[in-house]
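Q: Please find one structure pasted underneath; my questions will follow.
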DNA sequence: CCAAAAGCGGAAAACGTTTACATAAGAACC
DNA sequence: GGTTCTTATGTAAACGTTTTCCGCTTTTGG
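Chains as they are written, first to last, in our numbering: chain A, 1 to 355; chain B, 356 to 710.
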């Protein structure tokens, strides 16, 4: 198991001079009781103006700041919330986090960010903080494997405060916020069809990913609406990474009747694919159109600039945090919020045969 | 100040059925004292085998997990460390974080990630967790404005456990880890000079950034070593973002004697610059070479692939965490670790006049 | 001017652990 | 067979808050 810190030796904290100044020190210095100090800080209107000012002056002079651990223990809430992420570097997720932080701040929470790297052990370690009361709630931002953690938490503790963001909407047994993957994929497919493409390949993510599944569903739905038969050969499997996008794109050239467009289920894969296709001598979009999903910041600066679907990542995080706060305040209704996406047409898509 | 959670109403946590099972419940169920339960869990060799097993069985049966808040309060350490980041989305920083997490896990710490967004208020809020004993230490990953926070913490509490990573090496009043920005910049400049470039423009970051300053220093040093005079007109100011890189690059064309190479002090700016230069009709690298710094994952997939300096981000984080742990265990020596960088020549640099 | 209410502040009981100290029972020693 | 050393456990005191009772003033209303 976890190695003991500092080379296995059990070292006692020296903690020299400067002991922490406690509420007791303040109370003595101010000549009032501990309770009064506590009230002066936390319930200002429960003490007289004179006392309050006297206490606050001493607080300032002594540089006192309340021990939050003790406060947590007593008041049974830590004002800490955990955000579980599979990958911090994912731009959609980091946008989401930013939204969470903003709202959290206003509500007086601090956020504990856990990068799980899709590792169950790490995940469990963070969840343990929840049941150990070191955190009040969890926002689950798992991009793939959604639902696993939620279930894990909820099965062991049905009262746990969990909110799911960036996840598919149906499976969540808890409040959640997300986008309409199906609709967005339809919009993109419609865009490509509208340009005149008939053979549109798709690059999916892992099969377990609900995003992958929903976007695929939207693609097929729109294809059908246009009266075009779905062709299984046009489905390429990726991993939501640039590397996998690059590798998978090579398969495009092996297809007998080469598709004129490629719809990648995220931007990273699209970028990888474009690199490979360009390297193989195809021009984008003249020889083949490529579209992405997410609109990560880089996509606008790619060469050529990527046509994609924008997701309101930051807002998603903000809503998630609000839902969690409501949950923490006793709200029991399980709300589901869906935010709108936006098709952003840039330079990687064009009518077929523009050469 | 911070709005009270849940629309200002002070709602009491309902916390219905299923009260948390405490150590007392376990002790009763196991027929031993609280102390024994505590020991069975924390100091297994202080109790007899029989009792230990009996206790652990009950722990399992009751699903008990120790309240970490109480433990923190008593033992004066939270096993939580805070990582302060100016921007989660920065690939170098997120790599660093990954390294931190890996080491932290092995040492039994959880990491609390704070995205400060360069906002002093947010920064202060996280630092408050430190002085409020809700966290044991801080790793400061500030990419720009380095040193500010360190000083802030240390001035109010000289004993605070702070480690600085990704920062310049000289200014830190605390243990730190980083790379040799000067040497790396020299290496890149040498590479460009070696290709035959005489007029090499640089795109810097903000003046306050120590990285910016050090890389500039390395550039000038190597220039002088090659007997080339430094030309102030070739210095373009950026903001370490793609947007600023794109905007600043336009100035290149306004220079009378156009430089044949552009050394950007990070990859994002290089990518922005390339987009702009290409858009303006210049070919990279035939008409102008462009180099970056950092080697973010995208750089290898850019079109053309970016020549840059690789930084061992993950290792940097790992070392930082180790330093912090040592500090937490009483080590007082202020160590400074410098990790090696690596020049990665790809497609955006070539001899001048290759056209 | 008196009863009731309101305002203010103190004492002390939690919150759930860890751990120093005490106790008791064997084991080991001469 | 007493003394001393271990070993195993229990008792109770922290850790630093918040908050529930109270009691003491002061105001208010009649």
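Here a beta-carbon is modelled for each residue, glycine too, at the ideal position from N, C-alpha and C.
1) Return no unless some Cβ of chain B is closer than 7 Å to the Cβ of residue 59/A.
2) Where do the ends of the beta strand (DSSP E) carrying residue 80/A lie?
3) Do the CB positions of residue 293/A and residue 265/A come within less than 7 Å of each other?
4) Mind checking the segment 81-108 of chain A against chain B and listing, in chain order, the residues whose C-beta falls within less than 7 Å of any C-beta there?
5) Below 8 Å on the Cβ atoms is my contact criterion, and I expect residue 617/B with residue 664/B to pass it. Report the Cβ-Cβ distance as a whole number of Å.
6) For residue 663/B, would you say it is in contact with chain A, using Cβ-to-Cβ distances shorter than 7 Å as the test?
7) In chain A, what lies closer than 8 Å to residue 653/B by C-beta?
8) Quick one: measure Cβ to Cβ for residue 573/B and residue 538/B, integer angstroms, because I've assumed they're closer than 8 Å.
9) Which residues mark the beginning and the end of the alpha helix (DSSP H) in which residue 428/B is found?
10) DSSP on residue 20/A, reduced to helix/strand/coil?
11) Mark residue 116/A as exposed unless 16 or more other C-beta atoms lie within 10 angstroms of its C-beta, in which case mark it buried.
12) With DSSP run on the structure shown, which of helix, strand or coil describes residue 425/A?
13) At a CB-CB cut-off below 9 Å, which residues of chain A make contact with residue 633/B?
14) Going by the CB atoms, is the gap between residue 58/A and residue 356/A shorter than 7 Å?
15) Is the beta carbon of residue 86/A closer than 7 Å to that of residue 176/A?
16) Between residue 136/A and residue 328/A, is the Cβ-Cβ spacing less than 7 Å?
17) Please name the residue in 305/A, 317/A, 311/A, 313/A whose C-alpha comes closest to that of residue 345/A.
18) If I measure Cβ to Cβ from residue 145/A and keep anything under 7 Å in the same chain, skipping five residues before and after, which residues do I get?
19) Is residue 70/A close to chain B, meaning its C-beta is less than 7 Å from at least one C-beta of that chain?
20) Under 8 Å, with one C-beta from each stretch per pair, do the segment 425-434 of chain B and the segment 68-81 of chain A reach the 3-pair mark?
21) Which word fits residue 582/B, buried or exposed, when buried means at least 16 other C-beta atoms lie within 10 angstroms of its C-beta?
22) Out of 463/B, 495/B, 407/B, 375/B, point me to the one whose CA is closest to residue 387/B's CA.
23) Helix, strand or coil for residue 201/A? Go by DSSP, reduced to three states.
24) Cα separation between residue 568/B and residue 521/B?
25) Quick check: what's the CA-CA separation for residue 578/B versus residue 431/B?
26) Roughly how far, in whole angstroms, is the beta-carbon of residue 666/B from the beta-carbon of residue 458/B, given that I think they are within contact range, below 8 Å?
27) Please give me, in chain order, every unbroken run of the beta strand (DSSP E) with length at least 3 that falls completely inside the segment 272-304 of chain A.
28) Strictly by DSSP, which residues pair up with residue 111/A?
29) Taking CB distances under 7 Å as the criterion, tell me whether residue 673/B reaches chain A.
30) Can you check which of these residues, 66/A, 111/A, 258/A, 235/A, is closest to residue 353/A by C-alpha distance?
31) Here's a check: name, in chain order, each residue in its chain whose Cβ is nearer than 7 Å to the Cβ of residue 56/A, leaving out the five neighbours to either side.
32) Terminal residues of the continuous alpha helix (DSSP H) containing residue 222/A?
33) Indicate whether at least one CB of chain B lies closer than 7 Å to the CB of residue 142/A.
34) Strictly under 7 Å for the Cβ-Cβ distance: is residue 679/B near chain A by that measure?
35) Quick check: the Cα distance between residue 47/A and residue 26/A, rounded to an integer number of angstroms?
36) Contact criterion: CB-CB distance below 7 Å. Does residue 275/A meet it with respect to chain B?
A: So, from the listed chains and residues:
1) Residue numbering aside, residue 59/A sits at position 59 when the first chain is read from its first letter. False, the Cβ-Cβ gap to chain B never drops below 7 Å.
2) By 1-based counting over the first chain, the position of residue 80/A is 80. From DSSP, the beta strand (DSSP E) with residue 80/A extends over 80-85.
3) Position 293 of the first chain holds residue 293/A. Position 265 of the first chain holds residue 265/A. Against a cut-off of 7 Å, the Cβ pair of residue 265/A and residue 293/A comes out as a contact.
4) 88, 89, 91, 94, 97, 98, 101, 105, 106, 107, 108
5) Residue numbering aside, residue 617/B sits at position 262 when the second chain is read from its first letter. Residue numbering aside, residue 664/B sits at position 309 when the second chain is read from its first letter. In fact, because the Cβ distance is near 15 Å, the residues do not count as touching under 8 Å.
6) As a position in the second chain, residue 663/B is number 308, starting the count at 1. Not an interface residue.
7) Translated into the one-based positions of the second chain, residue 653/B becomes position 298. Near residue 653/B (Cβ distances below 8 Å), the residues of chain A are 242, 271, 298.
8) As a first step, residue 573/B must be located in the second chain, where it is residue number 218. As a first step, residue 538/B must be located in the second chain, where it is residue number 183. Right, the Cβ-Cβ distance comes to about 6 Å (below 8 Å), so this counts as a contact.
9) Within the second chain, the letter at position 73 stands for residue 428/B. That run of the alpha helix (DSSP H) goes 423-430.
10) As a position in the first chain, residue 20/A is number 20, starting the count at 1. In this structure, residue 20/A counts as coil in the three-state DSSP scheme.
11) Along the first chain, one-based indexing puts residue 116/A at 116. Label assigned to residue 116/A: buried.
12) The question about residue 425/A has no answer here: the residues shown for chain A are numbered 1 through 355.
13) Residue 633/B sits at position 278 when you count from the first residue of the second chain. Near residue 633/B (Cβ distances below 9 Å), the residues of chain A are 303.
14) Past the boundaries of the shown model lies residue 356/A; chain A is included only from 1 to 355, so the question cannot be answered.
15) Within the first chain, the letter at position 176 stands for residue 176/A. Within the first chain, the letter at position 86 stands for residue 86/A. No, Cβ-Cβ distance for residue 176/A and residue 86/A is not below 7 Å.
16) In the first chain, counting from the first residue as 1, residue 136/A sits at position 136. In the first chain, counting from the first residue as 1, residue 328/A sits at position 328. It is a contact, given that the beta carbons lie within the stated cut-off.
17) Here residue 345/A corresponds to residue number 345 of the first chain, with the count starting at 1. Ranking the options by Cα distance to residue 345/A, first place goes to 305/A.
18) As a first step, residue 145/A must be located in the first chain, where it is residue number 145. Residue placement at residue 145/A cannot be trusted, given a pLDDT of 49 that sits under 50; the coordinates are not used to answer.
19) As a working mapping, residue 70/A is identified with position 70 in the first chain. Yes, because at least one Cβ of chain B sits closer than 7 Å to the Cβ of residue 70/A.
20) yes
21) On the second chain, position 227 is the one that residue 582/B refers to. Classification for residue 582/B: exposed.
22) Locating residue 387/B in the second chain gives position 32, counting from the first residue. Checked all of 463/B, 495/B, 407/B, 375/B; the closest Cα to residue 387/B is 407/B.
23) If you number the first chain from 1, residue 201/A lands on position 201. Correct three-state label for residue 201/A: strand.
24) In the second chain, counting from the first residue as 1, residue 568/B sits at position 213. In the second chain, counting from the first residue as 1, residue 521/B sits at position 166. One C-alpha to the other measures close to 14 Å.
25) For this step, residue 578/B is matched to residue 223 along the second chain. For this step, residue 431/B is matched to residue 76 along the second chain. Taking the straight line joining both Cα atoms gives about 54 Å.
26) Counting from one through the second chain, the residue named residue 666/B turns up at place 311. Counting from one through the second chain, the residue named residue 458/B turns up at place 103. So it is not a contact: roughly 18 Å between Cβ atoms.
27) 289-291
28) As a position in the first chain, residue 111/A is number 111, starting the count at 1. According to DSSP, which records beta bridges pairwise, residue 111/A is partnered with 81/A.
29) Translated into positions along the second chain, residue 673/B becomes position 318. With 7 Å as the cut-off, residue 673/B does not count as an interface residue toward chain A.
30) For this step, residue 353/A is matched to residue 353 along the first chain. Comparing Cα-Cα distances from residue 353/A to each of 66/A, 111/A, 258/A, 235/A, the minimum goes to 258/A.
31) Numbered from 1 along the first chain, position 56 holds the residue referred to as residue 56/A. Cβ neighbours of residue 56/A beyond the five flanking positions: 40.
32) On the first chain, residue 222/A is found 222 positions in, with the first residue counted as 1. 210-225 is the span of the alpha helix (DSSP H), which, as asked, contains residue 222/A.
33) As a first step, residue 142/A must be located in the first chain, where it is residue number 142. Judged by the 7 Å Cβ criterion, residue 142/A is not in contact with chain B.
34) Within the second chain, residue 679/B is the residue found at index 324, counting from 1. Chain A, which has no Cβ nearer than 7 Å to the Cβ of residue 679/B, makes this no.
35) The residue you call residue 47/A lines up with position 47 of the first chain. The residue you call residue 26/A lines up with position 26 of the first chain. Distance between the alpha carbons of residue 47/A and residue 26/A is about 16 Å.
36) Taking the first chain and counting its residues from 1, one reaches residue 275/A at position 275. Residue 275/A counts as touching chain B.
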